[in-house]
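First comes the structure, then the notes that go with it.
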Amino acid sequence: MFKAFYRAYLRFLLSRYTRELQVLAAQRANDALAEQVLTHEAEQVRARLLML
């Protein structure tokens with residue numbers, strides 16, 4: 005049961021990071037640093053999700 009909640013939490017984080025990346029891309033095409041940080045975080049969450 006814990007695994008299902010953790011998976012749901014990771015999916016929530018991934019969708020949040022994805023939305024934030026889309027907003028950044030629309031608002032600040034030149035803000036490469038913030039985009040890199042969020043991309044890195046999203047990749048880490050994806051990796052954790054795949055390990056489940």
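In terms of the working numbering, the sequence shown opens at residue 5 and continues consecutively. The C-beta atom is built at its ideal place from N, Cα and C for all residues, glycine as well.
Check                                                                                                                                                                 : Outcome
DSSP three-state label for residue 56, please.                                                                                                                        : coil
Short check: CB of residue 39 to CB of residue 25, under 9 Å?                                                                                                         : yes
Going by Cα to Cα distance, which pick from 18, 55, 8, 5 is closest to residue 44?                                                                                    : 18
Can you find the residues in the same chain that come closer than 8 Å, C-beta to C-beta, to residue 56, ignoring five residues on each side of it along the sequence? : 7, 10, 11, 14
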